[in-house]
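Presented below is the structure to which this report refers.
Residue numbers (my numbering): 91 to 752.
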C-alpha cells in the first residue's frame with residue numbers, strides 16, 4: 091500500500107467502527123463515520139498525549155460527550171497505540187470487554203470520563219478545563235509553565251439540546267476557559283430524523299452570547315478546513331472555542347449517509363460492502379494495513395513528549411521544591427501528612443464542647459477546620475452559599491486570577507454544577523464539593539449517579555433536609571430524596587444528627603477516594619449527643635449504638651439526623667429496655683462485617699422502630715415485618731417547622747406509643 095492519505099487514516103476509523111458494530115449487531119456507526127475526519131486531524135496533528143502512559147499528568151484531555159459513538163474513541167485509541175487490541179474491538183459491547191457500549195473511564199485505558207447521558211461529557215470537560223486553569227494559576231511560574239494542556243470535547247446535536255449544555259457553556263464562557271475547544275458535530279440528524287422539526291437554534295450565536303469564540307462554517311470532511319479552524323481556536327487566548335463542523339452522519343454509506351438509519355443500528359453486510367467500494371477500502375473486516383498503523387502511531391512521539399515534560403518538571407522542582415512536592419501530592423490524590431490526625435483532634439474537641447447548632451452550620455464549621463489543611467478542596471453552591479453555608483473564611487473565587495482560588499459561584503445550575511465537580515476530580519488535583527437544597531438534588535441526580543458509576547471523588551452537600559425547612563412548603567421539602575440517593579449503587583449518603591457526626595461525615599467523604607459522598611444537613615438546630623470515645627470512633631462505621639439497654643434490648647429505635655434527638659427523648663421515657671441506634675450512613679453500615687452489624691442490630695431483637703422524616707419503605711430492610719417505621723409517605727406542608735413535626739407525627743409521644751405497641 092502506498093503512503094496513506096488523510097482520508098485513508100480516517101477510513102481506518104470508519105471501518106473499525108462499522109465492523110465492530112456489525113459484529114456486535116448493536117451500536118452506533120453513523121457518528122464515528124461522520125466525525126472520523128475531524129478526529130484524524132485532531133489526534134494526529136494536535137492532541138498532546140502518550141499512549142504508553144494514559145495517566146500522564148500534563149496530557150491533553152479528550153472527551154467524547156456524544157458517547158453513543160464510542161467506537162470512534164475505541165478506534166482512535168487502538169490506532170494511536172493504547173493498550174486496546176483488535177480483539178478488544180471485536181468484543182465491542184460484550185460482557186466484561188474493554189469496549190463497552192458507551193465509554194467508561196474505569197474500563198478502557200485512555201478514556202477520561204464515562205459518557206453517554208448527553209451533555210454531561212461536555213460539562214465534565216468544562217470541569218477539566220477549569221481544573222487546568224486553576225492549577226496553572228497555583229503552580230506555574232515565569233519560564234516554568236508546568237501545567238499547560240488543553241481539553242478537547244466532541245459533542246453532537248443531542249448534547250446541545252440537553253439543558254445541561256446551556257448551563258455548562260454559560261459558565262465556561264464566564265470563566266474564560268480558553269484551553270477548552272468543543273467540536274460540534276452539526277449533522278442535522280438525531281434518532282427521530284431530521285432535526286429541522288425540533289432543533290432550529292442559532293447555535294453559533296448562542297455560544298457567542300455565552301462569551302465563546304466561535305468558528306463557523308467548517309467542512310467536517312475537509313482536513314484543511316478542520317486544521318484552519320483548530321488553529322483559530324489555538325490563537326484565542328481569552329475564550330473557549332466552539333468549532334462548528336458541518337458533517338454527514340454515516341459518511342461513505344451510499345444508502346444511509348445523512349439519514350437516521352445510520353445512527354443507531356448496524357449498516358448490514360450489503361451496505362458495508364457498498365461502503366468499502368465507495369471509499370476504496372479493500373481490506374477485510376478488522377484488517378488495518380501496516381502503512382495505516384504507521385500513519386497513526388507516530389513512533390515514540392508521546393513518550394518523547396512526556397520525557398520532555400518530566401525534564402521540565404525536574405528543573406521546576408529544583409527551582410521550586412515545595413511547589414513541586416505539593417503538585418505531585420495532589421496529582422496522586424494523596425491527603426496531606428497529618429490531615430487525618432488533625433481532623434480527629436477537631437472531632438474530639440467538638441465532642442467535648444458539645445455545640446448545639448444546625449448541621450448545615452456544623453458542616454460549615456467542619457469546612458472551616460479542614461480546608462486550611464486541604465488546599466485541593468474546592469467548593470461551590472448553586473446560588474445558595476448563604477443557605478448551604480458553603481463559604482468559609484478562606485474562600486476565594488475561582489473566577490479570578492488568585493493562585494489560591496478555591497470557591498465556585500455556580501449560579502442556579504445544579505445539574506452542570508454536579509457534572510463539573512465530576513470533571514474537576516477526574517482531571518486530578520482537586521477534591522470538589524458542590525451544594526444545593528436536598529430537594530433540588532433531583533435536578534442533579536443523573537450527575538450524582540455518574541459520580542458513583544465512575545468512582546469520582548466528589549462531595550455533594552445537600553442542606554434543608556426535611557419538613558424542618560418549614561414555611562417554603564412541599565415544593566421545597568424533600569420526602570423521597572434520601573431514599574432516592576441511597577438507592578444509587580456505590581454512593582455514600584450521610585445524614586448526621588449533630589455537629590460531631592457532621593464532622594465525621596466530612597472526614598469520611600474526604601477520605602473516601604474511590605467514590606462520591608452525599609452529605610445531608612438540617613436547617614434547624616440539633617442537640618448535641620453525649621458519647622464515649624468508642625462511640626465517636628464507631629460513627630465512621632455508618633451506624634452505632636448511641637444509647638444501650640441494661641441487657642438484651644426489648645426494642646431498638648433506629649434514627650438519623652434530626653430524628654436521633656427524638657429517639658433519645660423517647661428512649662428516656664421508655665426505660666431501660668431500649669437501645670438507640672444512630673444510623674448516619676446506611677451505605678457505610680451495610681459494608682461493615684457481619685459481626686459488627688449483629689452487635690448493633692442483633693437478630694434476637696426484632697422489635698425495631700425506624701424514625702426518619704422521609705418515605706418509610708426504605709427502612710423495612712432494617713425493621714423487618716415485625717417492626718415499624720415512623721416516616722412521611724405524603725408531601726409536606728407550608729408552616730413553621732415547630733408545627734410541622736407534630737402534624738406529621740414526629741413527637742416523643744408517638745414514638746413511645748409505637749414502641750410500646752410492639
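For glycine and all other residues, C-beta sits at the position ideal for the given N, C-alpha and C.
### Task
Assess, as a yes-or-no matter, whether the segment 239-246 is touched by the segment 265-285 under the definition of 3 or more beta carbon pairs within less than 8 angstroms.
yes
#### Entry: For residue 307, three-class secondary structure by DSSP
Three-state DSSP puts residue 307 in a strand.
### DSSP three-state assignment for residue 281, whether helix, strand or coil
coil
### Query
Do the segment 480-492 and the segment 216-234 meet, that is, are 3 or more Cβ pairs less than 8 angstroms apart?
yes
### Message
Quick check: the segment 202-214 against the segment 151-169, are at least 3 beta-carbon pairs closer than 8 angstroms?
### Response
yes
### Message
Considering Cα atoms alone, identify which of 697, 356, 740, 722 is closest to residue 750.
### Response
697
### Message
Measuring alpha carbon to alpha carbon, tell me which residue in 343, 417, 246 is nearest residue 518.
### Response
417
### Query
My guess is that residue 576 and residue 676 are in contact by the Cβ rule of under 8 angstroms, so how many angstroms apart are they, rounded?
6 angstroms
### Query
Taking the DSSP output, what are the residues bridged to residue 108?
Its beta-bridge partners do not exist; DSSP assigns none.
### Meets three-Cβ-pair contact criterion under 8 angstroms: the segment 160-172 and the segment 97-113
yes
### Task
Round the Cβ separation of residue 525 and residue 471 to the nearest angstrom and send it over; I've been treating them as touching at under 8 angstroms.
4 angstroms
### beta strand (DSSP E) segments (min. 3 residues) lying fully within the segment 300-346
303-309, 331-336
### Query
Could you give the residue range of the alpha helix (DSSP H) that holds residue 690?
684-690
#### Entry: In chain order, each alpha helix (DSSP H) run of at least 4 residues that lies wholly inside the segment 379-440
380-386, 391-409, 411-421
### Task
Determine the contact status of residue 672 and residue 608, defining contact as a CB-CB distance below 7 angstroms.
no
### Query
According to the Cβ coordinates, are residue 500 and residue 234 closer than 7 angstroms?
The beta carbons of residue 500 and residue 234 sit no closer together than 7 angstroms.
### Task
Would you check if the segment 624-632 and the segment 708-722 touch, i.e. whether three or more CB-CB distances between them fall below 8 angstroms?
no
### Query
Three-state secondary structure (DSSP) at residue 269?
coil
### Query
Quick one, are the C-beta atoms of residue 263 and residue 301 less than 7 angstroms apart?
Residue 301 is positioned such that its CB atom lies closer than 7 angstroms to that of residue 263.
### Message
Between 327, 329, 333, which has its C-alpha nearest residue 777's C-alpha?
### Response
Since the first residue of the chain shown is 91 and the last is 752, residue 777 is not available in this structure.
### Query
What are the start and end residues of the alpha helix (DSSP H) that includes residue 164?
160-170
### Message
Report the CB separation of residue 528 from residue 552 in whole angstroms; it is logged as a contact under 8 angstroms.
### Response
4 angstroms
### Query
Which residue or residues does DSSP assign as beta-bridge partners of residue 241?
151, 270
### Task
Decide if the segment 584-598 is in contact with the segment 441-460; the criterion is three or more beta carbon pairs, one per stretch, under 8 angstroms apart.
yes
### Query
So, do the segment 116-123 and the segment 372-385 have three or more beta carbon pairs nearer to each other than 8 angstroms?
no
### Task
Tell me residue 584's beta-bridge partners as DSSP assigns them.
609
### Query
To which residues of the same chain is residue 399 closer than 6 angstroms at the C-beta, ignoring the five residues directly before and after it?
148
### Query
Is DSSP giving residue 615 helix, strand or coil here?
strand
### Task
Output yes or no for whether 7 angstroms exceeds the beta carbon distance between residue 277 and residue 124.
A contact, by the Cβ cut-off of 7 angstroms.
### Query
For residue 448 versus residue 681, is the C-beta spacing smaller than 7 angstroms?
No, these two residues do not count as a Cβ contact at 7 angstroms.
### Query
From residue 747 to residue 442, what distance separates their C-alpha atoms?
Cα to Cα, the separation comes out at about 33 angstroms.
### Message
Pull the bridge partners of residue 669 from the DSSP assignment, please.
### Response
646
### Query
Between the C-alpha atoms of residue 188 and residue 202, what's the straight-line distance to the nearest angstrom?
The alpha-carbon atoms of residue 188 and residue 202 are separated by roughly 14 angstroms.
### Task
Identify every residue that forms a DSSP beta bridge with residue 634.
672
### Buried/exposed call for residue 569, threshold 16 Cβ in 10 Å
buried
### Query
Would the beta-carbon of residue 411 fall within 7 angstroms of that of residue 111?
no
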